[in-house]
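Student: Residue numbers (this note's numbering), protein chains in the order written: chain E, 2 to 243; chain F, 4 to 516. Heads up, the beta-carbon is just placed ideally off N, CA and C, and yes, glycines get one too. I'd like to ask some things about the structure below.
What follows is the structure, given as structure tokens:
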């Protein structure tokens, strides 16, 4: 437990000591809040849920943030040759994977938090804006956290497969968006795969949760997919130790 | 894995075979874990859904007790197909609400309601299949199908724009005098549709024959009521022809008697039978045409409806001079759902309430039928009483000046007698019968079908199967001045990124030193 926590705090600290991480964070916030602002502008006078606009804006750029955050996790260690040093320490593969995962996930979640501040700032500045639906916003935060847990797990897995950070970022990004894209493509296919399409409809999950309608199925899907990818990562790391 | 990976620092105690076995073990465990994750998700998908609602917006998607009782008590499968465009403002509301319906129907242990979402713009093949299967003309529809009994709910049925005008402020030119509120009637529309299709008994509409009426079996392009009869059947009604001579009167199972455009006089005995039937809470749908004497005029006068031998002319609301364009009045249940929907009569006779029966008058006696005007012409219209005058023009001596009533609804009761409460007698009279004939339907005449069906549903007591309060959806409104908007833009878009960039710069500067 101590080793796992040590790796987590080290990873998180590394993020906040790196100027590149701050640049990445600033870029994500700029893109997210700009998207949110324009979504609000284009829906003025129309019936729409404000939390769902925020959640969709935050989720749109989440794969980019997650891919950039996770690309260095193992790829950089491999390139610098420090992974072997880490693996000689008295830590298990699971502790390494979980520690790095928790560090990256914490950073991504912290990166998204200011967008919720923007939401309340807009509500305070716009006199005609209805009182924010805090319950729906909490649902939106939950689905974003679940989606982030999946995206970071994908990014971590791809970072483990290569020593090239660009390859890791591109692969991770693809792994993050492919299931949602697959769901869209499947809906064109002349086959009755309604259940699968519904399960992969990320946008629908986001909108449902951001309206306060929580569903155990997509939540379990994201958690199980993240757990599976972490298990894959630990096995892959174990194979490297051979 | 990279081919050029650095060699492992962990010693391999048992050589190559052990290493191979170890790798095989790892790969098999990964495959098994993947299988387990897929199976767990499939299993969870097969189980009844587990949902919760944490919205603090006063239970926006929470279903009422009436709806829950309906869903938990469903005895047959109901298939719901949503053909809503995802870009529609209420798509997400419709989707989330239908999911709640599906969830509740499964939670009740029956699993009787299955919802499918088809994107009409993207999934063209499936949309075409649905349109052919259900004879749909437009998108943004939700179809409820219970073993062939089908009900349609359109976007117009679920969204209502309500404008309220503060007259005082409006006269003073003050801002905010006109307030617009959007009401979401999704639950009422969906629950009513489910109740409609799951009803085992269907209302039976008898169409009178033998006097030159429009034929419900005639699908020709020139005349006939075949098209509207098909729509009535699609709306879960039975439509049968009625020859009173052969049936010996009006059958016991008749829900509504439809008299569509008779061109010949009805026999006195037939009129008496209809009159007696009306006295026994009968429901009559009468569609008449100008210059036609049917023998029903006196009977209608006893029910408070004045039918003159005339033809209505309205130069202010016509396209070519012959037809009459109007909007149903929202003062009655028949016209209320048809806000802002235009209808066309292809020549009409006047249909007016007699003064003692006019529902707008406060002194209508309780035992008298109340007559509601459903549609009215403009002030410039008149009721032409000279059929020979070509072209027709207003003669102050003989013609009646506008506005002229074009359609009316009559209601009397409910009456209480020794046997208990009886349902009220209801009559609807339209001054035109052509407006829902096959040629009129072929040119897609405005809201004619909606008006006809609304009247028929009112007659068959199906106008509001489930009376549920509408929900008020969240609406994005800013209400900011230009300067305030600029400030808000700077704060919302740039505040957090700038702060983060400054902190990053400080970190970089500190580490550089």
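Got a sec: is the Cβ-Cβ distance from residue 160 of chain F to anything in chain E below 8 Å?
Tutor: Residue 160 of chain F does not count as touching chain E.
Student: Since residue 291 of chain F and residue 146 of chain F are thought to touch, with beta carbons under 8 Å apart, how far apart are those beta carbons, to the nearest angstrom?
Tutor: With 8 Å as the limit, residue 291 of chain F and residue 146 of chain F do not qualify as a contact, their Cβ atoms being about 34 Å apart.
Student: Since residue 65 of chain E and residue 106 of chain E are thought to touch, with beta carbons under 8 Å apart, how far apart are those beta carbons, to the nearest angstrom?
Tutor: Not confirmed; about 16 Å, so no contact.
Student: Verify the CB distance criterion: does residue 33 of chain F have a CB-CB separation below 8 Å to chain B?
Tutor: No chain B appears in this structure, whose protein chains are E and F.
Student: Determine the contact status of residue 559 of chain F and residue 239 of chain F, defining contact as a CB-CB distance below 8 Å.
Tutor: Outside the displayed range of chain F (4 to 516) lies residue 559 of chain F, so it cannot be described from this structure.
Student: Does the beta carbon of residue 55 of chain F sit closer than 8 Å to a beta carbon anywhere in chain E?
Tutor: Yes, its Cβ sits closer than 8 Å to a Cβ of chain E.
Student: Helix, strand or coil for residue 509 of chain F per DSSP?
Tutor: DSSP places residue 509 of chain F in helix when its eight states are reduced to three.
Student: Going by the CB atoms, is the gap between residue 413 of chain F and residue 352 of chain F shorter than 8 Å?
Tutor: No, they are not a contact pair.
Student: Kindly list the residues whose CB is nearer than 8 Å to the CB of residue 52 of chain F, restricted to its own chain and excluding five residues on each side of it in sequence; keep chain order.
Tutor: Taken in chain order, the residues that qualify are 105, 106, 109 and 110.
Student: Tell me whether the stretch 335-342 of chain F and the stretch 391-400 of chain F touch, counting them as touching only if at least three CB pairs, one residue from each stretch, are closer than 8 Å.
Tutor: The stretch 335-342 of chain F, when compared against the stretch 391-400 of chain F, does not touch it at the 8 Å Cβ threshold.
Student: Is it true that the CB of residue 477 of chain F sits closer than 8 Å to the CB of residue 134 of chain E?
Tutor: Going by C-beta atoms, residue 134 of chain E is nearer than 8 Å to residue 477 of chain F.
Student: Answer with buried or exposed for residue 371 of chain F, where buried requires no fewer than 16 other C-beta atoms within 10 angstroms of its C-beta.
Tutor: So residue 371 of chain F counts as exposed.
Student: Could you spell out the range, first to last residue, of the beta strand (DSSP E) harbouring residue 356 of chain F?
Tutor: Run containing residue 356 of chain F: 354-356, per the beta strand (DSSP E) assignment.
Student: First and last residue of the alpha helix (DSSP H) that includes residue 219 of chain E?
Tutor: From DSSP, the alpha helix (DSSP H) with residue 219 of chain E extends over 217-242.
Student: Going by Cα to Cα distance, which pick from F:299, F:304, F:347 and F:302 is closest to residue 320 of chain F?
Tutor: Among F:299, F:304, F:347 and F:302, the Cα nearest to that of residue 320 of chain F belongs to F:347.
Student: For residue 483 of chain F, decide whether its Cβ has a neighbour in chain E, counting only Cβ atoms nearer than 8 Å.
Tutor: Closer than 8 Å to some Cβ of chain E, the Cβ of residue 483 of chain F qualifies, so yes.
Student: So residue 71 of chain E and residue 13 of chain E are in contact, right, with Cβ under 8 Å, and what is the actual spacing, rounded?
Tutor: With a Cβ gap of about 13 Å, residue 71 of chain E and residue 13 of chain E do not count as contacting.
Student: Below 8 Å, how does it come out for the stretch 92-112 of chain E and the stretch 170-181 of chain E: are there three or more Cβ pairs, yes or no?
Tutor: The stretch 92-112 of chain E vs the stretch 170-181 of chain E: no contact.
Student: Could you tell me whether the Cβ of residue 77 of chain E comes closer than 8 Å to any Cβ of chain F?
Tutor: So no, residue 77 of chain E is outside the interface.
Student: Using beta carbons (cut-off 8 Å, strictly below), is residue 109 of chain E in contact with chain F?
Tutor: With 8 Å as the cut-off, residue 109 of chain E does not count as an interface residue toward chain F.
Student: In the DSSP output, which residue or residues are listed as bridge partners for residue 378 of chain F?
Tutor: Its beta-bridge partners are F:410.
Student: Taking residue 105 of chain F as the query, report the chain E residues whose CB atoms sit under 8 Å from its CB, ordered along the chain.
Tutor: Ordered by position in chain E, no residue passes the 8 Å Cβ test against residue 105 of chain F, which lies about 11 Å from the chain.
Student: Starting from the N-terminal side, write out each stretch of the alpha helix (DSSP H) that is 4 residues or longer and does not extend beyond the stretch 32-62 of chain E.
Tutor: Those alpha helix (DSSP H) runs which fall completely within the stretch 32-62 of chain E and span 4+ residues are 51-61.
Student: Three or more C-beta pairs closer than 8 Å, one from the stretch 16-27 of chain E and one from the stretch 134-147 of chain E: is that the case here?
Tutor: The answer is no - the stretch 134-147 of chain E does not touch the stretch 16-27 of chain E, with fewer than three Cβ pairs under 8 Å.
Student: Quick one: what's got a C-beta closer than 6 Å to residue 80 of chain E's C-beta in the same chain, skipping five residues either side?
Tutor: Within the same chain, residue 80 of chain E has close Cβ partners 164.
Student: Could you check the C-alpha separation between residue 101 of chain E and residue 130 of chain E for me, to the nearest Å?
Tutor: Using only the alpha carbons, I get a separation of about 41 Å.
Student: For residue 241 of chain E, I'd like the list of residues in its chain whose CB is within less than 7 Å of its CB, leaving aside the five on either flank, ordered along the chain.
Tutor: Same-chain partners within the cutoff: there are none.
Student: Rounded to whole angstroms, what's the CA-CA distance from residue 223 of chain E to residue 230 of chain E? Just pull it up for me.
Tutor: Going by the C-alpha atoms only, they are around 11 Å apart.
Student: Using beta carbons (cut-off 8 Å, strictly below), is residue 594 of chain F in contact with chain E?
Tutor: The question about residue 594 of chain F has no answer, for chain F in this structure spans 4 to 516.
Student: Who are the near neighbours of residue 276 of chain F in its chain, counting only those whose CB is closer than 6 Å to its CB and skipping five residues on each side?
Tutor: So the qualifying residues of the chain are 252.
Student: For residue 49 of chain E, return the contacting residues in chain F, with the cut-off set at a CB-CB distance below 9 Å.
Tutor: Here the neighbours are 92, 95, 476, 477, 478 and 479.
Student: I want to verify the contact list: residues of chain F whose CB lies under 8 Å from the CB of residue 196 of chain E, in sequence order.
Tutor: Going along chain F in sequence order, the residues near residue 196 of chain E (Cβ under 8 Å) are 48.
Student: So residue 218 of chain E and residue 47 of chain F are in contact, right, with Cβ under 8 Å, and what is the actual spacing, rounded?
Tutor: Indeed they touch by this definition, with Cβ atoms about 6 Å apart.
Student: Whose C-beta lies closer than 6 Å to the C-beta of residue 421 of chain F among residues of the same chain, with five residues either side of it excluded?
Tutor: Confidence at residue 421 of chain F is low in this model, with a pLDDT of 48, below 50, so its placement is unreliable and no value can be given for it.
Student: Since residue 348 of chain F sits in a beta bridge, which residues does DSSP pair it with?
Tutor: Answer by DSSP bridge pairing, in chain order: F:327.
Student: Identify, in the order they occur along the chain, each residue of the same chain with its Cβ nearer than 7 Å to the Cβ of residue 501 of chain F, setting aside the five sequence neighbours on each side.
Tutor: There are no such residues.
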